[in-house]
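Participant:
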Amino acid sequence: MLIQLKSRIQEPEVQELLSYSVFPDPDHLNRALKQYVDKEELHLDGYEDEGQLIGLIGYESTGTSEITIHHIAVLPENRFKNYGRGMISQVLAKYNPDRLIAETDVEAVEFYRNTGFVVYSLGELYPGVERFRCVLEKDEEQDED
0 MLIQLKSRIQ
10 EPEVQELLSY
20 SVFPDPDHLN
30 RALKQYVDKE
40 ELHLDGYEDE
50 GQLIGLIGYE
60 STGTSEITIH
70 HIAVLPENRF
80 KNYGRGMISQ
90 VLAKYNPDRL
100 IAETDVEAVE
110 FYRNTGFVVY
120 SLGELYPGVE
130 RFRCVLEKDE
140 EQDED
């Protein structure tokens with residue numbers, strides 16, 4: 000089950016996890032932290048296992064039809080154990096959006112593809128860095144059940 004992390008944003012383990020999903024620069028991390036504090040529409044949730052914070056997911060709900068993932072991270076020793084996929088599933092179950100969107104780099108694109116997202120190249124948005132838009136649409140058949 001996801002737990003809210005906004006009130007714990009100053010904790011070192013929360014900041015460490017968030018640092019895995021931002022450009023490796025303290026300024027980028029500080030900007031991301033400030034956004035989660037300042038913007039009510041941004042959510043920062045985490046997943047704990049046996050009292051240890053394993054992963055986090057930061058997202059924005061833009062109405063009932065769309066959610067944009069801004070950050071997702073899992074501790075390195077817990078990757079490839081479906082925690083990331085589980086956090087996405089819990090966000091989907093909580094909000095039931097028509098569309099879930101994320102933008103990512105080449106290092107994470109396979110995670111999104113393997114989780115069922117359709118991946119579109121955005122090209123080289125930064126010099127030498129290709130970015131991707133990942134979209135997961137609600138299955139129309141599930142909606143009818």
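So the sequence shown is numbered by numbering that gives the first Met the number 0: it starts at 0 and just counts up by one. Every residue gets a Cβ at the ideal spot worked out from N, C-alpha and C, and that includes glycine.
Whose C-alpha, out of Asn113, Ala92 and Arg7, is nearest the C-alpha of phenylalanine 79?
Facilitator: Asn113
Participant: Only counting runs of 3 or more residues, tell me where the beta strand (DSSP E) segments fall wholly within the segment 107-140, in order along the chain.
Facilitator: 117-125 and 128-136
Participant: With DSSP as the reference, label glutamate 143 as helix, strand or coil.
Facilitator: Note that glutamate 143 scores a pLDDT of 47, beneath 50, so its modelled location is shaky and nothing firm can be said.
Participant: How would you call serine 20, buried or exposed, if buried means at least 16 neighbouring beta carbons within 10 angstroms?
Facilitator: Flag for serine 20 reads buried.
Participant: Determine the direct distance from the alpha carbon of tyrosine 94 to that of valine 134, and round the result to whole angstroms.
Facilitator: 16 Å
Participant: If we count Cβ pairs, one from each stretch, closer than 8 Å, do we get three or more for the segment 98-118 versus the segment 59-78?
Facilitator: yes
Participant: To which residues of the same chain is aspartate 142 closer than 8 Å at the C-beta, ignoring the five residues directly before and after it?
Facilitator: Reliability fails at aspartate 142, whose pLDDT of 46 lies under 50, so the model's placement of it is uncertain and the value that follows must be treated cautiously. None.
Participant: Who are the Cβ neighbours of glycine 45 in its own chain at under 6 Å, not counting the five residues just before and after it?
Facilitator: Ile2, Leu4, Leu52 and Leu55
Participant: Taking Cβ to Cβ, would you say arginine 132 is nearer than 7 Å to leucine 124?
Facilitator: no
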